[in-house]
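In the numbering used here, the protein residues as written are 32 to 272.
Virtual Cβ for every residue (Gly too), placed ideally from N, Cα, C.
Computed from a predicted structure; not experimentally measured.
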Amino acid sequence: MRKGSVAHVIMTTIASNLQAVRNAIAIAAAGAGRAPGGIVLLAVSKTFPPKAIREAYHAGQAVFGESYVQEALEKIAALHDLPIEWHFIGPIQSNKTRAIAENFAWVHSVDRLKIAERLSAQRPQILPPLDVCLQVNISGEGSKSGVAPNEAAGLAQAVARLPQLRLRGLMAIPAPSDDVAAQRLPFAQLRELRDQLNRQGLSLDTLSMGMSHDFAAAIAEGATMVRVGSAIFGLRDYGGK
Ligand SMILES: *Cc1c(COP(=O)(O)O)cnc(C)c1O
């Protein structure tokens, strides 16, 4: 890469953004009396090209999240030379479950038993079980996705019995807020729901919660995985998506 070219500037930005996000995670963890190693940074690369992901990889990031199946499959193929761990975090249509089961290590957005059953049935036997989180519609209004909190226990018990899935925890996308106290409330509710399910015999170790604007609040409430896109890669241009 030539020094001073536009691509060079973009790559430098991704590396320094990643460093800034890692620092902010460490500060939030320290503030909560937690070890920063207990929080996995999932870099959400949707809408960004393989070369942005490659640059993040060379800056030490090996776990990436994608939301659109077709777009993700193209990038996974383009980056097959890198040992990336791919997480699917978007809405799941039943005709896409096979591609997800075959190409991802984790799925964060399971919110119906039918989808979970298909993912389990279609997970290739040669791969380890697919790690999954249930997406919970924790703040009600706003989002259409996610199981209702009062239906989460039933779904979790059923998903936990599926042979080719490993139920790891819960995920939520609360309505955005600029107020940190307001941001913390739904994250605390998701943590309490996780604790309640564990008291009912499940062993959920994952809380996938927190995005670019609210990951510090999520860490304060126990997030073990934060899903950060724009703070690493810049603003997204959906171009009609
Ligand atoms: C896009 C997306 C993110 C990342 O959002 P940012 O605000 O860019 O950090 C996280 N989680 C899910 C489910 C997403 O779709």
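Query, Result
"Can you list, in chain order, the residues of its chain with a C-beta nearer than 7 Å to that of residue 48? Leave out the 5 residues immediately preceding and following it.", "262 and 263"
"Whole angstroms are fine: how far does the CA of residue 221 sit from the CA of residue 204?", "10 Å"
"Throw me the rounded Cβ distance for the residue 238 and residue 254 pair, which I believe falls under 8 Å.", "5 Å"
"Use the C-beta contact count for residue 43: other C-beta atoms within 10 angstroms, 16 or more gives buried, fewer gives exposed.", "exposed"
"Curious, which full-length beta strand (DSSP E) runs of at least 3 residues does the segment 47-133 contain?", "71-75, 94-97 and 116-119"
"Residues around ligand 1, please: the condition is that the C-beta lies closer than 5 Å to some non-hydrogen atom of it.", "75, 98, 120, 242, 243, 258, 259, 260 and 261"
"Does the structure place the segment 124-135 close enough to the segment 78-93 that three or more beta carbon pairs sit under 8 Å?", "no"
"Using alpha carbons as the reference points, say which of 112, 219, 223 and 215 lies closest to residue 244.", "215"
"Alpha helix (DSSP H) containing residue 216: first to last residue?", "211-230"
"Put residue 165 into one of helix, strand or coil per three-state DSSP.", "strand"
"Comparing the CB of residue 252 with every heavy atom of ligand 3, is any distance shorter than 6 Å?", "The model on display carries ligand 1 but not ligand 3."
"For residue 100, which option in 84, 124, 93 and 209 has the closest C-alpha, if you only look at C-alpha atoms?", "124"
"What would DSSP say about residue 196, mapped onto helix, strand or coil?", "strand"
"Along the chain, where does the beta strand (DSSP E) containing residue 238 start, and where does it finish?", "237-239"
"With H, G and I counted as helix, E and B as strand and the rest as coil, what does DSSP make of residue 158?", "coil"
"Please state if the CB of residue 259 and the CB of residue 52 are separated by a distance shorter than 7 Å.", "yes"
"Along the alpha helix (DSSP H) that carries residue 149, what are the first and last residues, could you check?", "144-153"
"Near residue 106, what residues of its chain come up, given a Cβ to Cβ distance below 6 Å and the 5 sequence neighbours on each side ignored?", "81"
"With which residues is residue 201 paired in a DSSP beta bridge?", "165 and 238"
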